[in-house]
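Chains as they are written, first to last, in UniProt numbering: chain L, 1 to 385; chain B, 1 to 385.
If you want it as structure tokens, here you go:
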């Protein structure tokens with residue numbers, strides 16, 4: 001409430017401006033590509049109901065749990081992470097969605113004034129978590145190959161950095177995936193300069209095109225990996241996790257005790273069962289990939305047909321978002337009102353800007369609309385932009 | 001991680017010392033009165049399973065929810081709070097257990113160095129939440145009538161206080177309930193001196209003896225009330241809430257966005273159904289009251305028979321804990337190891353001390369042991385203390 005809270009207020013206001021926008025576009029008749037939700041028709045209600053019934057055979061599902069998370073869930077997450085990394089390393093703390101992981105890591109690792117690097121455009125949840133600690137948030141530009149690690153190197157030569165945050169796969173909002181070469185270089189820099197990499201990877205399993213790239217954590221132990229059940233099972237469970245260095249995670253566990261004591265034994269038991277049922281999970285994730293891939297291609301094609309060279313687009317290989325930049329200076333923020341009037345919504349690039357001018361960019365979410373709706377949304381967009 | 005984090009570390013270590021202790025006493029053969037869990041046999045697994053099935057008929061139970069909490073849950077909580085207060089006031093934010101409510105309120109209202117008043121002995125979760133903000137935590141002694149509001153008044157005449165935290169009913173760990181006269185005086189002081197009262201009331205509905213006292217919030221608008229489903233339904237749902245001033249709660253809602261985006265749509269839908277089913281809930285809470293009342297009386301009688309005037313005990317009227325103080329200087333911390341060897345465990349008073357010397361006190365939880373076990377536990381205690 002004091003003056004010092006200034007930076008928090010600015011970002012909180014920005015966050016709520018987007019929430020206000022999202023509230024407006026929930027009008028009937030508006031085709032919204034502004035959201036960031038999984039497709040509701042793919043949420044596994046029946047399988048989850050069976051898992052809930054099984055969990056509730058025991059009162060343990062309704063009792064307090066341990067702060068670090070239910071042991072069976074920690075084990076299955078650890079096994080999955082070890083497979084991804086190609087080695088058995090680190091420990092796991094279960095969090096209340098991966099947003100809590102970000103928030104606790106920020107508390108654990110940052111003092112006011114510490115420098116933290118984010119991508120520009122940046123993931124808004126990370127910006128909010130870092131701002132709360134009154135850290136100095138510095139953006140490094142994102143291009144089609146992910147974070148410009150060469151620009152990060154120049155910053156590191158000038159100042160001490162505590163955390164580098166990256167959404168390594170299918171960036172939100174930028175759509176880009178960090179190339180393997182840059183991952184190796186980023187890992188080398190962490191070892192050389194002693195910062196922590198926070199590899200925020202909610203979308204990594206949602207790849208529908210192109211070859212898989214190893215996680216940044218495959219190349220260094222100075223990486224804390226975050227992910228969650230939100231995009232592969234369901235966000236309503238609020239089950240996220242953090243994997244990495246035991247010392248950092250022990251500090252996070254202590255802070256979690258003060259933050260909320262522990263997570264829900266019920267949703268953790270449900271998630272443990274669903275993640276361990278690999279036959280079901282593999283099929284389920286394959287369905288999500290296939291549906292999202294079809295939608296991403298439909299949106300990309302429609303946008304290319306409508307705008308041609310005027311709109312530079314990321315090539316969709318996974319995740320939930322396309323990012324576009326108008327080469328001819330079309331202003332996305334200024335035109336949003338008119339777009340909503342025409343029955344279509346998106347998030348203007350400026351909402352994600354750290355230091356860059358993103359006034360001609362926009363984020364489009366392809367997950368919650370079938371191809372025909374996406375094509376109609378683009379038709380409406382083309383009448384305005 | 002810097003030097004500034006000193007106070008956090010001290011408290012975190014204290015918290016984990018108790019956790020280490022609790023881990024030790026989970027040995028077979030040890031009758032533990034050291035815990036603080038609801039009786040597992042009273043957790044409503046079947047009713048919850050039915051509610052979960054009903055909620056999972058809709059994908060909305062698995063989707064992201066709004067940050068302030070699911071509207072049907074906010075409505076039923078608001079109605080319950082209005083009934084308790086005797087007037088329709090304030091708004092509601094749903095939190096991840098009431099520990100998250102404490103943590104977000106601390107973030108929202110406190111700057112480093114601000115003074116916050118707690119009871120001494122104090123609720124450890126509150127101490128942890130306030131320490132995280134690096135506030136100055138000052139204890140006011142607790143007696144059989146709750147917080148010594150006269151002592152609070154002398155502090156207020158010396159320094160500016162931002163928050164006064166009170167567990168108004170059946171204090172954890174002190175067992176005491178704040179008298180109505182002191183509630184009125186505390187409310188008057190909040191209005192006069194402009195601080196916020198955080199009325200932390202998880203146990204209020206667990207009264208098994210004596211007349212109900214109106215909440216502190218009945219006497220002032222400068223009260224934020226916290227409670228949860230943990231003690232009346234189940235802690236494993238992790239559904240808590242905050243009720244009070246719309247301005248403070250709007251700030252908390254913004255901070256919650258950075259902390260974890262939103263709560264679980266599934267556990268919120270389940271909790272909304274269970275709280276709205278008043279026929280079931282009233283019967284369920286009546287069962288808890290009756291079982292806990294029987295256990296509390298059994299423990300109180302056995303302790304009085306065994307220790308007589310040597311042990312000053314709170315008179316149990318509700319909640320989950322008895323607090324005792326040895327009048328003859330028996331040291332509870334020093335004797336804990338021997339007690340565990342004799343097959344019984346408790347939490348020494350020093351674990352809850354803010355500024356007072358509580359070396360001769362102890363907290364005993366009566367909820368998870370039937371009367372015979374409680375009597376046997378006291379017999380073992382009497383061989384050591």
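Glycine included, C-beta positions come from ideal geometry on N, C-alpha and C.
With DSSP collapsed to three states, give me the class of residue i.
i: residue 313 of chain L; result: strand
i: residue 8 of chain B; result: Residue placement at residue 8 of chain B is flagged as unreliable, the pLDDT there being 34, under the threshold of 50; a coordinate-derived value is accordingly withheld.
i: residue 302 of chain L; result: helix
i: residue 232 of chain L; result: coil
i: residue 284 of chain L; result: helix
i: residue 142 of chain B; result: strand
i: residue 375 of chain B; result: helix
i: residue 295 of chain B; result: helix
i: residue 369 of chain L; result: coil
i: residue 2 of chain B; result: Interpretation of residue 2 of chain B is limited by its pLDDT of 33, a score under 50 that renders its predicted location unreliable; no figure is taken from the coordinates.
i: residue 243 of chain B; result: strand
i: residue 227 of chain L; result: strand
i: residue 342 of chain L; result: coil
i: residue 318 of chain B; result: strand
i: residue 31 of chain L; result: strand
Residues of chain B with CB closer than 7 Å to the CB of residue i, please, in chain order.
i: residue 266 of chain L; result: 236, 237 and 267
i: residue 287 of chain L; result: The premise fails here: residue 287 of chain L is roughly 14 Å from chain B at the closest Cβ pair, so nothing lies under 7 Å.
How many Å lie between residue i and residue j at the Cα?
i: residue 367 of chain L; j: residue 34 of chain L; result: 11 Å
i: residue 32 of chain L; j: residue 155 of chain B; result: 55 Å
i: residue 356 of chain B; j: residue 119 of chain B; result: 10 Å
i: residue 186 of chain L; j: residue 172 of chain L; result: 19 Å
i: residue 4 of chain B; j: residue 111 of chain B; result: A caution first: residue 4 of chain B carries a pLDDT of 30, below 50, which makes its placement in the model too unreliable to give a value.
i: residue 176 of chain B; j: residue 144 of chain B; result: 5 Å
i: residue 224 of chain B; j: residue 243 of chain B; result: 6 Å
i: residue 148 of chain B; j: residue 316 of chain B; result: 19 Å
i: residue 239 of chain B; j: residue 199 of chain L; result: 29 Å
i: residue 72 of chain B; j: residue 30 of chain L; result: 26 Å
i: residue 2 of chain L; j: residue 253 of chain L; result: Confidence at residue 2 of chain L is low in this model, with a pLDDT of 33, below 50, so its placement is unreliable and the value that follows should be read with caution. If you take the alpha carbons of residue 2 of chain L and residue 253 of chain L, they lie about 29 Å apart.
i: residue 339 of chain B; j: residue 381 of chain B; result: 6 Å
i: residue 291 of chain B; j: residue 345 of chain B; result: 21 Å
i: residue 226 of chain B; j: residue 181 of chain L; result: 51 Å
i: residue 103 of chain B; j: residue 168 of chain L; result: 31 Å
i: residue 248 of chain B; j: residue 131 of chain B; result: 20 Å
i: residue 311 of chain B; j: residue 295 of chain B; result: 19 Å
i: residue 86 of chain L; j: residue 46 of chain L; result: 33 Å
i: residue 286 of chain L; j: residue 204 of chain L; result: 13 Å
i: residue 100 of chain B; j: residue 274 of chain B; result: 21 Å
i: residue 262 of chain B; j: residue 304 of chain B; result: 48 Å
Looking at the unbroken alpha helix (DSSP H) that takes in residue i, where does it start and where does it end?
i: residue 115 of chain B; result: No alpha helix (DSSP H) holds residue 115 of chain B; the beta strand (DSSP E) holding it covers 115–120.
i: residue 202 of chain L; result: Note, residue 202 of chain L: premise wrong, no alpha helix (DSSP H); not H, not E.
i: residue 149 of chain B; result: 149–158
i: residue 271 of chain B; result: 265–276
i: residue 125 of chain L; result: 124–132
i: residue 78 of chain L; result: 71–85
i: residue 53 of chain L; result: 45–55
Since residue i is in the beta strand (DSSP E), which residue starts that stretch and which ends it?
i: residue 207 of chain B; result: Careful: residue 207 of chain B lies outside any beta strand (DSSP E) and carries neither H nor E.
i: residue 363 of chain B; result: 361–365
i: residue 322 of chain B; result: 321–326
i: residue 164 of chain L; result: 163–166
i: residue 92 of chain B; result: 91–95
Along chain B, in chain order, which residues have C-beta atoms closer than 8 Å to that of residue i?
i: residue 165 of chain L; result: Those do not exist, as residue 165 of chain L stays about 14 Å from chain B at its closest Cβ, beyond 8 Å.
At 8 Å on the CB atoms, spell out the chain L contacts of residue i, in chain order.
i: residue 45 of chain B; result: 56, 57, 58, 59, 61 and 62
i: residue 49 of chain B; result: 52, 53 and 56
i: residue 319 of chain B; result: Within 8 Å Cβ-Cβ: nothing; residue 319 of chain B doesn't reach chain L, min ~16 Å.
i: residue 37 of chain B; result: 63 and 64
For a contact meaning CB atoms closer than 7 Å, what does residue i contact in chain L?
i: residue 96 of chain B; result: 96 and 260
i: residue 40 of chain B; result: 59 and 63
Can you name the residues of chain L whose CB is closer than 9 Å to the CB of residue i?
i: residue 100 of chain B; result: 96, 259, 260 and 261
i: residue 103 of chain B; result: 258, 259 and 260
i: residue 370 of chain B; result: Residues of chain L passing the Cβ test: none, with the nearest at roughly 16 Å.
Could you please tell me which residues of the region 113–136 of chain L, in chain order, have their CB closer than 8 Å to any CB of chain B?
Sequence-ordered contacts of the region 113–136 of chain L with chain B read 125, 128, 129, 131 and 132 [C-beta pairs closer than 8 Å].
When you check each C-beta in the region 167–188 of chain L against every C-beta of chain B, which residues fall closer than 8 Å?
none
Compile a chain-ordered list of the residues in the region 72–90 of chain B whose CB is closer than 8 Å to at least one CB of chain L.
none
When Cβ atoms are compared, which residues of the region 189–216 of chain L fall closer than 8 Å to chain B?
none
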